[in-house]
Structures are given as structure tokens and as C-alpha cells.
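Encoded as C-alpha cells, the structure appears first; notes follow it.
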Amino acid sequence: MNAPIPYQIQDQTCWISPQRAIFWENQSTLLLSDTHFGKTGHFRKNGIGVPQAVFQEDMQRMVDLLGFFKPERLIVVGDLFHSAANLEMDLFAKWRKDFEQLELLLVMGNHDILGDQCYQSNQIAIHKGIFQQGPFQFVHEPMAFTEHPDSGFLFSGHLHPGVSLSGMGKQNLHFPCFYFTKTTCILPAFSRFSGTATVKKKKDNTIFAIVNHQLIEIAR
Amino acid sequence: MLQESKGYGVISQWLEKKDFHPFEFQEQTWEQIMHGHSGLVNAPTGCGKTFSVFLGTLIQYINEHPKNYQTIAPGNLQLLWITPLRALAKDIGRAMEAVLEELSIPWKVGIRNGDTSTSERQKQKRKVPEILIITPESLHLLLAQKDCSSVFAHLQWIAVDEWHELMGSKRGVQVELAITRLLGMQAKKKNKISLWGISATIGNLEEARQVLLAPLQEEGCIIRASIDKKIEVHSIIPDEISEYPWAGHLGIKLAEKLIPIIEASNSTLIFINTRGMSETWYQTILNIAPQLAGAIALHHGSIEPELRAWVEDALHAQKLKAVVCTASLDLGVDFRPVDTVIQVGSPKGVARFLQRAGRSGHGPGEISRLYFLPTHSLELVEAAALKQAIVENKIESKDPLLLCFDVLIQYLCTLAVGEGFDANTIFQEIKTSYCFADISDEEFKEVLLHITQGGIALNQYDEYHKVVLEQGLYKITSRKIAMRHRMHIGTIVSDAMLKVKFLGGGYVGVIEEYFISRLDPGDVFTLAGRNLELVMIKDMDVLVRKSSAKKSIVPSWNGGRMSLTANLGAILRETFNKALVDETEIEIKSLRHLFQTQAALSKIPRDNELLIEQIESKDGYHLLVYPFEGRQVHEAMSAILAYRIAQIMPISFSIAMNDYGFELLSDQPIPVDDSNVQELFKTENLFADIQKSINSAEMSKRKFRDIAVIGGLIFQGFPGEHKKARHLQSSAALLYKVFEEYEPDNILFRQAFRELMEQQMEEHRLRAALERMYHSQILLCFPKQLTPLAIPIVVDGLNRNSLSSEKLEDRVRKMQEQLSKS
Numbered sequence: 000m001n002a003p004i005p006y007q008i009q010d011q012t013c014w015i016s017p018q019r020a021i022f023w024e025n026q027s028t029l030l031l032s033d034t035h036f037g038k039t040g041h042f043r044k045n046g047i048g049v050p051q052a053v054f055q056e057d058m059q060r061m062v063d064l065l066g067f068f069k070p071e072r073l074i075v076v077g078d079l080f081h082s083a084a085n086l087e088m089d090l091f092a093k094w095r096k097d098f099e100q101l102e103l104l105l106v107m108g109n110h111d112i113l114g115d116q117c118y119q120s121n122q123i124a125i126h127k128g129i130f131q132q133g134p135f136q137f138v139h140e141p142m143a144f145t146e147h148p149d150s151g152f153l154f155s156g157h158l159h160p161g162v163s164l165s166g167m168g169k170q171n172l173h174f175p176c177f178y179f180t181k182t183t184c185i186l187p188a189f190s191r192f193s194g195t196a197t198v199k200k201k202k203d204n205t206i207f208a209i210v211n212h213q214l215i216e217i218a219r
Numbered sequence: 000m001l002q003e004s005k006g007y008g009v010i011s012q013w014l015e016k017k018d019f020h021p022f023e024f025q026e027q028t029w030e031q032i033m034h035g036h037s038g039l040v041n042a043p044t045g046c047g048k049t050f051s052v053f054l055g056t057l058i059q060y061i062n063e064h065p066k067n068y069q070t071i072a073p074g075n076l077q078l079l080w081i082t083p084l085r086a087l088a089k090d091i092g093r094a095m096e097a098v099l100e101e102l103s104i105p106w107k108v109g110i111r112n113g114d115t116s117t118s119e120r121q122k123q124k125r126k127v128p129e130i131l132i133i134t135p136e137s138l139h140l141l142l143a144q145k146d147c148s149s150v151f152a153h154l155q156w157i158a159v160d161e162w163h164e165l166m167g168s169k170r171g172v173q174v175e176l177a178i179t180r181l182l183g184m185q186a187k188k189k190n191k192i193s194l195w196g197i198s199a200t201i202g203n204l205e206e207a208r209q210v211l212l213a214p215l216q217e218e219g220c221i222i223r224a225s226i227d228k229k230i231e232v233h234s235i236i237p238d239e240i241s242e243y244p245w246a247g248h249l250g251i252k253l254a255e256k257l258i259p260i261i262e263a264s265n266s267t268l269i270f271i272n273t274r275g276m277s278e279t280w281y282q283t284i285l286n287i288a289p290q291l292a293g294a295i296a297l298h299h300g301s302i303e304p305e306l307r308a309w310v311e312d313a314l315h316a317q318k319l320k321a322v323v324c325t326a327s328l329d330l331g332v333d334f335r336p337v338d339t340v341i342q343v344g345s346p347k348g349v350a351r352f353l354q355r356a357g358r359s360g361h362g363p364g365e366i367s368r369l370y371f372l373p374t375h376s377l378e379l380v381e382a383a384a385l386k387q388a389i390v391e392n393k394i395e396s397k398d399p400l401l402l403c404f405d406v407l408i409q410y411l412c413t414l415a416v417g418e419g420f421d422a423n424t425i426f427q428e429i430k431t432s433y434c435f436a437d438i439s440d441e442e443f444k445e446v447l448l449h450i451t452q453g454g455i456a457l458n459q460y461d462e463y464h465k466v467v468l469e470q471g472l473y474k475i476t477s478r479k480i481a482m483r484h485r486m487h488i489g490t491i492v493s494d495a496m497l498k499v500k501f502l503g504g505g506y507v508g509v510i511e512e513y514f515i516s517r518l519d520p521g522d523v524f525t526l527a528g529r530n531l532e533l534v535m536i537k538d539m540d541v542l543v544r545k546s547s548a549k550k551s552i553v554p555s556w557n558g559g560r561m562s563l564t565a566n567l568g569a570i571l572r573e574t575f576n577k578a579l580v581d582e583t584e585i586e587i588k589s590l591r592h593l594f595q596t597q598a599a600l601s602k603i604p605r606d607n608e609l610l611i612e613q614i615e616s617k618d619g620y621h622l623l624v625y626p627f628e629g630r631q632v633h634e635a636m637s638a639i640l641a642y643r644i645a646q647i648m649p650i651s652f653s654i655a656m657n658d659y660g661f662e663l664l665s666d667q668p669i670p671v672d673d674s675n676v677q678e679l680f681k682t683e684n685l686f687a688d689i690q691k692s693i694n695s696a697e698m699s700k701r702k703f704r705d706i707a708v709i710g711g712l713i714f715q716g717f718p719g720e721h722k723k724a725r726h727l728q729s730s731a732a733l734l735y736k737v738f739e740e741y742e743p744d745n746i747l748f749r750q751a752f753r754e755l756m757e758q759q760m761e762e763h764r765l766r767a768a769l770e771r772m773y774h775s776q777i778l779l780c781f782p783k784q785l786t787p788l789a790i791p792i793v794v795d796g797l798n799r800n801s802l803s804s805e806k807l808e809d810r811v812r813k814m815q816e817q818l819s820k821s
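The listed protein sequences derive, respectively, from chains Y and C. With numbering that gives the first Met the number 0, the residue at position 119 of the first sequence is 118, and numbering never jumps. With numbering that gives the first Met the number 0, the residue at position 200 of the second sequence is 199, and numbering never jumps.
Here it is as C-alpha cells:
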């Protein structure tokens, strides 16, 4: 496991992991976004043969993170499942049973279209709109809600942020990233079977690029 | 004997009445067809090549039905006429109908392509016409019908028009596969199909015949029309040529020079290499010559079918003075009134140049007149080279494609949607084609596995579903998957188009992914006459807001990626020998100033020399190499050179290329000097270096896109299933990444690599090129500024490759440091 780096938000301590997650230490909460579980299965069911190993790796990475941080609660800020239910749900359910003690909260995203029954049977608490916990708020789409600096720091996903770097000699590199402003954070998509939307470094934001298994803060 | 047959008598009487005299090659073709033979007719357009095959089939039919050919129609499909272009179909159909009517043969002619209406299709289904003119895609769609074998039950003749255009492309492979099936359907019956190709002249006609006739497993013959076509080529020379080739968008500036040419001609076709530029040209010509309004039209692939048809009809009827067009009017349509062709920008190859010239002056004995208008001044050298090539009759070959598994996968799914297929029967059939002659049992098994099990899966958690085995037949049973497959039949992959929408809703238009992916949020571009600021790209939508910015980027299109053929490259190198030495040719003479600048700053390479320039600029350190081998070869060679230099020390390159040379650009000095430069071109370890450089430069990525679309991995969505379909969308780049990491053995992923190895990085060809350069005199120069030869490469570097031997983390840190310094 590559070392996460500490990040202080107000008086709270968070750890940013290059495994595409944030650990909120004070509340023992692990935060993920856009896991898109079942995406490979959805493609395969429709005759598009993408390798399921991506899904397996995503699950494994989540298990690793849970083993490392040992959180009491997992919050996914949307798009936990990619589409309608498929057999990959079974692997997810199996994992869920292994971590029965873990509290799991889904802040609903646009891809979360499963019936309530599905969430209940997997002990997933669901929340629509903004979820508030202590000084923090959680929502799926960052654009859907204007910033309320008074009501707390806002975590979101949906965008799949990525950052482009360019250097001398017309060199260009592109990485998924964590995107922070003073009052918000957009998480990278947890699923490795996902693209990115480019965000830009500005004066008042902080970007951590995920470079191989390291986080590198982007200066400009 | 032909002359004694009843059919010949009928046809020649009819011709005589019209005062037509058959050409020798036509009679030769008739004779062959009469005897049920197959072959390839080589004739230029406008010389009755259609009649050579078509009248032949009529002669044979009359011979077989001498008494009742005028009274009873067979009522089923006799002649299948495969043509690559929709625009051709109507034309040929009309000509055939006229003949049939005058001969009182009660046959029907049907046209089947993307423009055919549903009601027309239904009509054809109820009663199959005797002649069906069809595109390769529509032919495969027919094979996807449940009753397709009954449609083809009585087929006697297959004609493949413009075979030179199809061969060497995946559409050609589609035709090969369809033919194996059509022949396979007849295997148990008595009637033997005779198969005819029609081709313009290419360098490897013999091979073209072999490829087409392979499934018949018979030799066949080639019939050549000995018709000498006179071609006149004129270059349009700018009044003033700057020292730099790209200064001032030469092309559009020259538009004024077209007006007198258009006015002096009957009808003119103006060929533009890309769709985007064709719009610009059309507007420009209207602006400078408003008197042409109404007499000039635009024709390209994304124009509505009705409008295209109107333009074609108006051309026939001589209602238009000029048509601005792209390759959409490239092939075989005989617009008699057209007597002049203008080619804007380099056609990149001798064969294409001749093809376009041949659009004018159709009648036997008439002269084809072509004007060449350069878009940058160096293209004048290409014009001189092209003229030379025509004199020497150096026409390119078209290399047939081998083992295109993406096309095979699509084809097998097509059959599975249709009547289903027996694996062994189809395996034997496809092995008769030239493309799949060498497919191994293992490879075929792998393809079957791919369509039935979809590669690597997690057993009990998998629901892969596409093709299933039912009572010995491979079938697609899901209606949804079948429908989706039918929508995706075809091998022409256009660049993905994204919808452009305003943030607050409201649709603006579509734009190519290639263009938009190079913009950053905040950039302003022009579309549909509006300046738009890019906000973000989400799913397949581009979200924008209105912008009042004065400066904006005008979309560029992909068409310019075409590569100069190796053939033309060699002639081009020789043409440079004449620079500043032999100015008999107007093109060379007019470039004197530019050559002088090049010679003063650096050198002008002669054909036994290899020029290498090292230049430092604000962008970094440039190493420019000028092999004049064409863009394709340069892409391969630049990767190998970059790889070899990167072995000397950790270094990162951004690589650009054009038809004349390539550029390696780095942020640090490039360790190449007199002591090691020759070594870079050595041929030892070439094979290993090729493989490693392909991988390091991720060169197969671009190939993979087409393969993924043809092979059914990329789903583009269809109307009425918007929402659900969105969950199935992914970009080629993402799929490439996923396969590279998790399933590099995938048959389609491997094919991208193989295509690159075979078509572009072919060891044999690269070895010869490197050998030539190794033994050339290497001129290593250090110009103080970018030279006339360098500028087009450095400026036109949109399509860059990259290669690095530095650690990713180190590169990021270095970029950060560079930024904080500046």
C-alpha cells in the first residue's frame, strides 16, 4: 500500500490515498466515489467483451483500503453501481457479507438506478441529495448544488476529474486527480474502467495527481 | 464462338442501331463471360467498362434463353453488382434499365444501399429484382437476414466494380468474405457463379485478380483495355512565393485564380481533401465570384442524401458550372459535362491523382484536364514529382490486407444474426479467401471464443452474451443484440462525433472528437458560425457557453492524415535534385526563393543525401530528419530513432511528422552528433527495436480505435435507446488502456499491434529505408532558426506521438520545476 498523505480540512484530519480514496480519520470514515461496480458485467451482458479483471481489481483495491484504514463506515458519493443489476452484484454481495460490521452509505448518483430492495438486501443506507455529517457534506454532482460555505465542506464525485500537465518540448501528460477548493473536494473515479474530465489548476485550488502509485501535488 | 451466338447477334444489332462500336476489350470480356469464366477487367472509367461485364451477362442469358428471353423474366436475382459508392449505384442502374428496355428484356434493376427507403426494401423482399446494385455494407446486411440464402439461390454473376478502390481496405475484406458465402451457398447446386472485377490501373493488377478470384479457386483472366487516356496537368503558381512554405494560407489566397478556369470550362469538379475545408472553399468561391451563385454546389459525405442526389442530377444535366467536393465524387461516376478538374492540395499518390484527373474528359479520345492548386508552396514540388510519375507511368500497388480478425468477427456475428452458421463450413469457406487463407485452427477457435465467451471473465459472475451455439449452429438470439449489430455493420469508421450543447440546454451541432479532445476548458472555438467557449466534455456531449472572445480556433479535420505513397516519395527525392539547378519546370523555378533560404540556413538534400537538422527554439531542442518516405514510414522510423536515442540516456520526446520528414522534440539537448548519427540507422536488432518502440510510443492506439469499432467493442448508440445506451459507451482510449492492462492477449488488441507491424512497421520495408539512409551521405546541420523544410513539420504537429525513457514521476516533477522557473 502506497502511503496516503494527510490533509487538514478545518479541524478535521483526512488522509488522501493514491488508491483513489479519502479516509476521514475523526469519524473513521472511508470515502469513495464513482465505483461503477457492475460496469464490465453490463458491457459483457450486452455482447461487448471487456475484461472483467478490471472489476475484480477495483473490488480488491477497496478491500485493501478497508484492511489498511479499518474504517467503521464507508461513504460512496454516488454511482456505486453502473447500471441495472447483473451477476457482478453477487460478488459484491459476497464481499458485503464479509464486512458485515461496516456501515455503508450511498449518496445517490445518476447511475444508481437499482430498486430499493437491492440496497436493503446489501445493507446499504441510501441518501438522496446532500448528506450532512458533522462539518462535512456529501453529494454526487458538484454542479447541482451551489456552494454553501456556511453549511460545511462539500465532498462530491461525478466529474471523474483528471489533470493535464505540459512541459517544455510539447510534452503532455494526463492523470486522474483529487480536486480541492477551500470549501469543496471532487474525488477521482474509483473505477479504473472510467475516463476523466479535465480540470485546471488555478490559484485557489489544490490538485493531487495520481501518478502511478503516488500522489503528486500540482504546483501550477 | 462469340460472334455466332444468338446473344451476341442481339446485342451487336442493338449497338449498330445506335452507331456504337464495341471496343476490343469489351468483346473479349463477353466471350469469357459467355463461356462462364471469371476475371478482371482493367479499363479506365468512361470507356464502357460497365458494358463490358453487363452486356456480357445479357449475351449469356440470351444464349441460354434464346426463345423466351423477352417474354419471361426469371423472377429472381441473377446479377449482383457490388459497388463501393452510393453515388455510382443510381447512375449504373439507370444505364442498365435503359438497355434492358430497348432490348425488351423484362428484368428489374434494384438498388440497395444506405439511401434505400424501407418501403423499397420491403418491395425488394417481396419480389427480388434480377439485378441488384449494392454496397459491401448492404450486402452484409442482406446476409444478416433470416432468409438470405433464398435471395441468392439463383445467382449467376457477381460483378465487383472499382475493385482497385476496395482492395487493400477493410471494405475489400468484407467483399471477399461475402463472396465466399455466396459461393458457399451455391456449393450444393449445379449452377456455377462467374465472378468479375472491374479495376482501374494499379501497380499490382495480377495480385488484384488473385485476391478477388481466390474463393473461386480458379485462375481467371485479366482483360486490359488498351485505351490511351491523355492527361494534361497544370499547376496554379502563386504570383508571389514567400520564403516560408506555410506563410499566409496559400491555398485560399489562390482561390481567385480558379474563377477564370471555372468560367472557361464547361463544368468543373473541385476536389478538396477534407470535408471541413470543402465548406470553406465553397464559401470563399461564392464570396469572390457571386455571379456563380446557383451554378456552384457542394458535395460531400455528410450532406443529406436528397441534396447529394440533386447535385449529381444537376451535374448530369449540365446545370452546374462547378461542384466543390471531397472523395465523395472520386470514383467512377461519369458526369459527361465535366471537362475540368481542380485538385486542391496534394493528392498524395499517383493512382489517386490519375483517378481524379479521369473525372474530366470522359469520352474516348477526349483529354482529361487537371489543375493542381497547392495549399502550401512545398506542394509544388509534389506537383512536379506527380507529373514525372505520370510520364514514367509509376502507379502504386494496393497491398491486400491479411487476417483482419475485426472484420471476421463482425462477419461471423452478421451470419449469426441471419441464418446462423456451422463453424466448420464457414471455416472452410473463409479459408478460400485471400485474406484468411492462412488462418490457423487456433486463431479461428479464438475468434469463436471471442464471440461466444468474450475473453477473460470471472466464471460464476459472468453473463457474457452475444453468440450462442444452438443445435450445431452459432446464432445471435437476443433481438436487442441483433438489432444493435445490424446498426453497426460496416468497416468505415468515421471519427467519433460529439454533440455540442449549451450549458443551459440547447443543441448547437456536432464536432469531431479528434478536434475537441485537443482543447482545454476555457478555449474558444467556432462552430455553426458561433464563437463558443468549451466548458467541459461529459459522456458524449460537449458543453459550451457563448463567448464574445475575438480570437477563436476553427475546427480542423482529420483528412490531412493521408500519407504520401513510398512510390511518390522516391520521385520526390529525385525532384529535389533539381532545386536551384534545373529550373525547366515551372514548379521548381517558382520556388527558387524558398530553396535559397533553405540552402542558406541549412542544406537542400539530394537523393543520395540524408539531411538532419538540429535546432534550438523556445519550445526546446528539435532534431529534424528528412527521409522523404511519406508520413506512414516516418511515423515508424521516428519511433525507432526516438527509442534508440532514449537508450543512450533518460530522455522524453514529442514526435511529429509529415510526408517529407519528422521531428523529435525534447526539453533537453538531444545526444546526437557526427560520432553516433550513422549508428541510429543501423539495421541490426531492427526487429526487436521495432517492437519495443511500438510499445513505448503506444502507436497501436490509433489503429485500435477502428478495430474496436469494427469488432463491436465500441457501441455508438442508436435512436430510441438513448438513456440505456449511455451506460454502454466508452472511448477507444479507455478500452485500449483496459485491454493493455488486463487482457493484452485479446485477439482484437493484438490485431492493432499486428496491423501496425504489417502495414506500417513492416520490417522488410523499414530495413530497406534504413539501409538507404545508413549509406547516404548524412548532412548534419545546425541552423540558427527553423528552416523552410522544418516549419511545416513543427507547425503541423497536432498528431504527435511521444516516447520516453524517463520515470513518470520524474517527468511530472520536472514539468513542475520548469513551470516554477518561468
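All residues carry an ideal CB built from backbone N, CA and C; glycine is no exception. Source: prediction; values computed, not measured.
The beta carbon of Q7 (chain Y) sits closer than 8 angstroms to those of C13, all from its chain and outside the five residues before and after it, given in chain order. When rounded, the separation of the alpha-carbon atoms in I261 (chain C) and I284 (chain C) is 10 angstroms. Around the beta carbon of Q317 (chain C), fewer than 16 other beta carbons lie within 10 angstroms, which makes this residue exposed. Taking C-alpha positions only, V793 (chain C) is separated from S801 (chain C) by approximately 14 angstroms. W13 (chain C): member of the alpha helix (DSSP H) spanning K5 to K16, first to last residue.
If you look at A158 (chain C), you'll find it in the beta strand (DSSP E) that goes W156 to V159. Secondary structure of H298 (chain C) (DSSP, three-state): strand. Contact annotation, S327 (chain C) with A86 (chain C): C-beta distance approximately 7 angstroms; criterion of less than 8 angstroms satisfied.
Between V337 (chain C) and L268 (chain C), the gap from beta carbon to beta carbon is short of 8 angstroms.
Counting along the chain, no beta strand (DSSP E) covers I587 (chain C); the unbroken alpha helix (DSSP H) around it starts and ends at I585 to S589.
Ranked by Cα distance from L194 (chain C), the options C:L542, C:T28 and C:G8 are led by C:T28.
At least 8 angstroms separates the beta-carbon of I295 (chain C) from that of N41 (chain C).
When 7 angstroms is used as the limit between beta carbons, S730 (chain C) is near these residues of chain Y: G194, in chain order. Remark: C-beta atoms of Q155 (chain C) and I192 (chain C) approach each other more closely than 8 angstroms. For L64 (chain Y), the nearest beta carbon of chain C is not closer than 8 angstroms to its own beta carbon.
Between the alpha carbons of N121 (chain Y) and V75 (chain Y) lies a distance of about 14 angstroms.
The shortest C-alpha to C-alpha distance from S674 (chain C) to any of C:M656, C:A645 and C:L779 is the one to C:L779. Annotation: L372 (chain C) to I157 (chain C) spans about 40 angstroms, alpha carbon to alpha carbon. Within the region 33 to 66 of chain Y, the residues whose Cβ lies closer than 9 angstroms to some Cβ of chain C are K38, T39, G40, H41, F42, R43, K44, N45, G46, I47, G48, V49, P50, Q51, A52, V53, F54, Q55 and E56, listed in chain order. Among the residues facing chain C, T197 (chain Y) is included, as its CB has a counterpart in that chain under 8 angstroms away. In the structure shown, M166 (chain C) adopts coil according to DSSP, grouped into three states. Taking 9 angstroms as the upper bound on Cβ-Cβ separation, chain Y lies near residues Q452, G453, G454, I455, A456, L457, Q459, Y460, D461, E462, Y463, H464, K465 and V466 of the region 452 to 468 of chain C. Scanning chain C for C-beta atoms nearer than 9 angstroms to the C-beta of H81 (chain Y) yields H726, reported in chain order.
Scanning its chain for C-beta atoms nearer than 6 angstroms, with the 5 sequence neighbours on each side dropped, one finds around S653 (chain C) the residues L664, R799 and S801, in chain order.
Residue contact with chain C for V162 (chain Y): absent (no Cβ-Cβ distance below 8 angstroms to any residue of chain C). As DSSP reads the structure, K229 (chain C) sits in a beta bridge with C:I366. For L140 (chain C), DSSP assigns no beta-bridge partner whatsoever. Setting aside the 5 residues that flank it on each side, N112 (chain C) is surrounded in the same chain by R85, A88, I133, T134 and S137, each with a C-beta closer than 7 angstroms to its C-beta; the list follows chain order.
By the Cβ rule, the region 15 to 30 of chain Y does not count as touching the region 111 to 129 of chain Y, because fewer than three pairs are nearer than 8 angstroms.
Counting the other CB atoms within 10 Å of its CB gives Q136 (chain Y) a total of 16 or more, which places it among the buried residues. Rounded to the nearest angstrom, the gap between the Cα atoms of I570 (chain C) and N607 (chain C) is 13 angstroms. Listed by position along chain Y, the residues whose Cβ is nearer than 9 angstroms to that of H153 (chain C) form an empty set, because the closest Cβ is around 35 angstroms away. Among the residues facing chain C, L86 (chain Y) is included, as its CB has a counterpart in that chain under 8 angstroms away. Contacts with chain C at 8 angstroms (Cβ-Cβ) do not include L113 (chain Y).
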